[in-house]
Each structure stands twice: as structure tokens, then as C-alpha cells.
Amino acid sequence: MSVAVEKTLNSRVPDGPVETKWDTCKAGLKLVAPNNKRRYDIVVVGSGLAGASAAASLAELGYNVLVLTLHDTPRRAHSIAAQGGINAAKNYQNDGDSVWRLFYDTVKGGDFRSREANVYRLAQVSANIIDQCVAQGVPFAREYGGTLANRTFGGAQVSRTFYCRGQTGQQLLLGAYSSLMRQVSLGKAKVLSRREMLDLVVVDGQARGVVCRNLISGEFETYAGHAVLLCTGGYGNAYYLSTNAKGCNVTAAWRCHRRGAYFANPCFTQIHPTCIPVHGDYQSKLTLMSESLRNDGRVWVPKQKGDMRAPTDIPEEERDYYLERRYPAFGNMVPRDVASRAAKERCDAGYGVGDTQMAVFLDFSRAISEQGEDAIRAKYGNLFHMYKKITDEDPYKVPMRIYPAVHYTMGGLWVDYHLESTIPGLFVLGEANFSDHGANRLGASALMQGLADGYFVAPYTVGNYLASQSLKPVTTAHPSFKETTIEARNRIETILNVKGTRTVTSLHRELGQVMWDYCGMSRNSEGLAKAIDRIGEIREEFWNNVKVLGTGETLNQQLEYAGRVADFLEFGELLARDALNREESCGGHFREEHQTEENEAKRDDENFCYAAAWEYNGPDAEHSLHKEHLSFEAVPLTTRSYK
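Going by my numbering, 326 is the number at position 220 of the sequence shown; the sequence numbering is gapless.
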């Protein structure tokens, strides 16, 4: 194991009460005069909610913005897949919500492993996000009288989640996209599609541009700027099977990590409890059923082990509504990590349902009888339709079958309060950074963080960085761009020249099975040590026996995929090492050696109340661990309980 090196990580969190930190920060930031903003070029990598909102906001301020997206259009970014909603402390329901309550729920939901100041800022700006999106025309659901509707999500006892049926991410992205394209038409922003970032260009210790590959032509391209914003999402596809789109990957973040950006808390991965179960080894991804369904759906298993009767044939008294039984204060709306572990425990104990017995029921019969099918259809119709298309079962008539799956990643590149990484000039937004969710993200908070970072944080802090630096002119003619391009090209050519017998998919699937078995919903020291060894063996097999057809000078999707899997094979080992190092259970990181008598997560605040920031030391050297010690002044450290 790597030995911690106590290097000071300056989080740049302002002094004073948590309620005033963001205002204090903004008051001290340096500004770029409007007539000077046109002198600065900003490269934004990624076009999801974080990337599109940041690019639109910065371009509107007057900066020259270049957006690089993996997709054929920014509208295809994976933010469109978010279903259930976006949190905001509006208290429209008058049910006791507030900025403080959202802050408290998020800190508690993250099991006290997030930075308190960042979480409060997130809650603070949440209300502004809704106003911004309504002004853009986002079609949020509304009550009969015209006011915006809300529903509940896991880990909360109030209704604060705004939604657009089951298409919230898509509608929010269309709002951000429209703002971005307005700036494109005004000439302040430019969007280049089908580009994959392969490396970060660092000049004099500062991020000054990127190297990317044109996925259509295969050509290497370089782009220079005064700052780089990384908005490329999470790394859930390291597990092969996840709810993420197949294009989601860790490459951009990992390339930045190898250039000096610390990677924080990689073991904090979120398992979502409400996914359509695995049907066979032919599957390449899994499908998420929105957490919002747990508002009206009741989770249960038969009380009798191995009960294979149809759910409609099992009488009420023979059903175990185990979440309602174990967590009466929250019931079916416990946070995702709690619900996921509970489902795994029931299935492992022999109470699972379906052909594989690795599923539980999500039942809407009571809600339909009380509210009527039309009311349920109005809330969740597109989700029910999607479930029926995939499973050929009608959830209006029989319960859904669900099981946990990898969904979101709380870990990411370490950033300070300004969202700046350990590489000056490299800002990391949204799921790509580690900052706001701790060890477990509450549902409907991902969209909130992405838009908060893009609309309301980065425009301030990026401007402060530019105003504080004496950045000499750098173009793509600088030698660093040529050197970085050569390194990226050599990596591609090395993959092509292996000419082995194993497909990229087979190697990725093998990695994913190791990750799920030993670094999934529960972990232990023996399994994690085995995972580290196995990942090393798979990585060696990749570089000696992978088979990638075609060339690099053309469209070659297998080559794209191979590069991403190569990075997953490096990153996966760091994830396992981080999990092995963290000798406690917290949120989505459940170490079997550290649990209570009731099988709940058992934290160790004395030894592990920190963010683990890992430094890359070279391909043949172990990472160094740096610790950002976390303090909880506004919300005292307590045992997390939803009972």
C-alpha cells in the first residue's frame, strides 16, 4: 500500500459561518473587465449539463469559448438519461424545507464525507437554478393551479424535487443547449463534435490546452486556451455493466490525473437500487428505473424463501415490505446506498424473486387503487412504457422487478472551493469532480450540481483565475502541444500494434466482473487484494493480447473503445487500492469488516474523516496519498440513521 504523504491541500474555503462563505468568496474574487474578456480563450471539454451551462454562461460574459464533445451534437450528452428530477430548496410545498434542510440532508446523505462548505453553496444556489431553467422554458411539471410541482426523493422527508415526468435531464439539457447555441450564433462560442480528449497540455505548470482525436477522420487535433474546463462525467463503466451510456468513460479525467491532477475518493461509487435486473451475459448495459418511482411504488419480497409464485398470487400477509419494516421514518425513500444493500441482503438470504432470484418487487398496486391508473400514468407513464418495452411485463398489472446496479460516481478529480484542480487553470465541474456528494449522492442532486457548477460557480472562479495570472501567449505551435500529441499518438499505435487474439469487449467484461465481485456493493480486504492482483493480470493481458482491427487514420470505434478500456484498467486498480486503504464503511463504500450488529455502515471518524486525494507518480510507481481533512462545524458528526 502507498504511504500517506501529508502534503497540504489548500481547499481555499473562506473563513466565517458556512452561510456566508460563498458571499465572502465572491466579494474577494478578482474581476475581468468586460472589454478584456474577449482576450481570453476557454476550452470546455464535455457538453452535458455542467459543460453546456458553463460554456453558455462564460460565452455570454464575453469570453471566447470552444466546446469539444464526444457526441454528434451536444444534445446527446449523457445528462439526457437522468430521469427523476432536480433538487432545489424552494419550499413550494410549505412542508418545512429550506436551504439549511437541503444542506443537512446532503451532508448526512453523503455520510459526512463531503466538504461542508461546498454542500452549503450547492443548497444556496439551488433555487436560482430553477428560476434560470424556467426562464429558458424547461417544461417542469405543474400543479393544477399552475405552480411548479414537487415530489420526494430518497434521503429526504420533504418534497423538493422538480421534474419533467421521467425526462428531467433531457429537458434541462435542452435548456442549457439552447443557451449555448445562442452564443454560437452570436460568435462567442464554437462547438466541435465527435472529438475525444486524449490528453491535457500543461505549459509552465498551467493547463493551456488539450489534444484530441477527431473520431470521424482519426486525425489528432490540438486546441489552446487560457483555461480548461473538464466536464466529462463519471467512471461507472469501469464496471462494464452500469446504467451509463456505453460512451461514458474515465479517459479525459485519467489523462489529467497522469498530468498532475489528484484523483479523490475513487472508491466512492454509487449503486442505484432501482434498475432492471441482469437478464443474461449478452448484455452490455443496464437500464435505470427512476428513484421517483419509490414515491408510489412499495418494495417487497416474499416472506418465504424461494417463493416462486406470481406476485399477484402472494397475499398481503405473506409479503415483507422490508424497507418500511426496517426504516419506518423514511420507508421506501431511504437513500440509495441503504436501499441497495437491503435488496442485496434479502436476495443473498434467499428471498429474491424472478428467474435468477436476484431481484425484488417494486409494486404500484396500492397507489393505483388509491389514486387511479390515470394519475400514476401522468406521473410515470414514460417510465412504465420503457419498462414494458424491455421486459414485456405491464407494471400497471404486475410489480416491476428491480435490483441494484452501478449508476453514479461520487469520486473524481480533486478540486478546491473554486473548482480548480491541483493543476492551475484546470477546472473540473459536475460528476467529474469529487466535491459535493461525499460517500453517497442523494437522488436528484446530480443535475443540481452540474448546473450549479456551470451557471453559478465557474463564471466567478474562472474569471478570478484569469484576472490573477500573467498568462503569456500560448498557441498550438508551442512545443508542449507537439510533445503531448506524439505521446497520445504513440499510445494509439501501441494498441494497434499488439495484434493479439482477445477482443476489447472480452477484456472489459472480465475487468467489470472483477470490479463488481470485489469492489461492488460490499468489499473486504481479501477480495480487494485479489482484485488488485487480477486487474494487473488483465491489464498485462490487454497490452500483450488485445486485438484491434483497422487503422488510426479513419473512423475506428474499436480503437476508441480500446483506449478507454486501457484507462479503465489503470483506474480500476486505483479504485481498489483506495477501497482497501479506507478501513471503514461509509455511504456507498461498505467494508464487510466494519458494520454494526444491524449490518449498517460503521464509520471511523477518528481515522478516516478525510478526502483521499491520490497523486500519480509514473507508470511504474505507486500513487501517493494526500489527505484533505474534513471538518463538520455546522452539522456535527453523528451516526447516520434513517430508522
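The C-beta atom is built at its ideal place from N, Cα and C for all residues, glycine as well. Small disclaimer: the values here were computed from a predicted structure and weren't measured.
Check: Rounded distance between the beta-carbons of V308 and I592, thought under 8 Å; Outcome: With a Cβ gap of about 15 Å, I592 and V308 do not count as contacting.
Check: Cβ distance (whole Å) where C692 is taken to contact R364 below 8 Å; Outcome: Not quite, the Cβ-Cβ distance comes to about 28 Å (not below 8 Å), so this is no contact.
Check: At least 3 beta-carbon pairs within less than 8 Å: the stretch 643-653 vs the stretch 674-687; Outcome: yes
Check: Local conformation of P120 per DSSP, three classes; Outcome: coil
Check: Within 8 Å, strictly: CB atoms of G536 and C337; Outcome: yes
Check: Given N141 as reference, the closest of L167, V124, D129 and K132 once Cα atoms are compared; Outcome: L167
Check: Close Cβ partners of N630 (< 7 Å) along its chain, the five nearest in sequence each way excluded; Outcome: R697, E698 and E699
Check: C-beta contact flag for Q289 and A162 at 8 Å; Outcome: yes
Check: Exposure of V109, with buried meaning 16 or more beta-carbon neighbours within 10 Å; Outcome: Per-residue confidence for V109 stands at a pLDDT of 49, beneath the threshold of 50, marking its modelled position as unreliable; the derived number appears in the next sentence. With fewer than 16 other Cβ atoms within 10 Å, it is exposed.
Check: Unbroken alpha helix (DSSP H) run spanning E589, endpoints; Outcome: P585 to V604
Check: Euclidean distance between Cα positions of P725 and C131; Outcome: 38 Å
Check: Residue from V173, D387 and G339 whose Cα sits closest to the Cα of C318; Outcome: V173
Check: One or two residues paired with R257 in a DSSP bridge; Outcome: T267
Check: Burial state of S410, where buried means 16 or more other Cβ atoms lie within 10 Å; Outcome: The residue asked about is misnamed: residue 410 is Gln in this sequence, not Ser. With fewer than 16 Cβ atoms within 10 Å of its Cβ, Q410 is classed as exposed.
Check: Assigned exposure category for A481 - 16 Cβ within 10 Å defines buried; Outcome: exposed
Check: Nonlocal neighbours in the same chain, by C-beta distance under 7 Å from I641, ignoring five residues either side; Outcome: L617, V620, L675, G678, E679 and A682
Check: H177 beta carbon less than 8 Å from that of S299; Outcome: yes
Check: Cβ separation of Y748 and V440, assumed to be a contact under 8 Å, to the nearest whole Å; Outcome: 5 Å
Check: Cross-strand partners of T515 (DSSP beta bridge); Outcome: T375
Check: Neighbourhood of E739 by C-beta distance below 8 Å, restricted to the same chain and skipping five residues each side; Outcome: V124 and E222
Check: DSSP-derived helix/strand/coil call for P408; Outcome: strand
Check: 8 Å Cβ cutoff met for G272 and G154; Outcome: no
Check: Bridge-paired residues (DSSP) for N539; Outcome: L519
Check: Rounded C-alpha distance that separates K615 from L686; Outcome: One point to set straight first is that residue 615 is Arg, not Lys, in the sequence displayed. If I take the Cα positions, the gap works out to 22 Å.
Check: Endpoints, the beta strand (DSSP E) within which S159 is located; Outcome: No beta strand (DSSP E) holds S159; the alpha helix (DSSP H) holding it covers L155 to L167.
Check: Alpha-carbon to alpha-carbon, L399 and V459; Outcome: 19 Å
Check: Whole-number beta carbon distance between E599 and G658, since they are thought to touch under 8 Å; Outcome: 7 Å
Check: Simplified DSSP state of A139, which is helix, strand or coil; Outcome: coil
Check: Residues near I420 by beta carbon distance below 7 Å, same chain, minus five either side; Outcome: P408 and D413
Check: Cut-off 7 Å between Cβ atoms - residues of its own chain near A545, not counting five sequence neighbours on either side; Outcome: G216, D217, R219, F374, M516, C692, G693, G694 and H695
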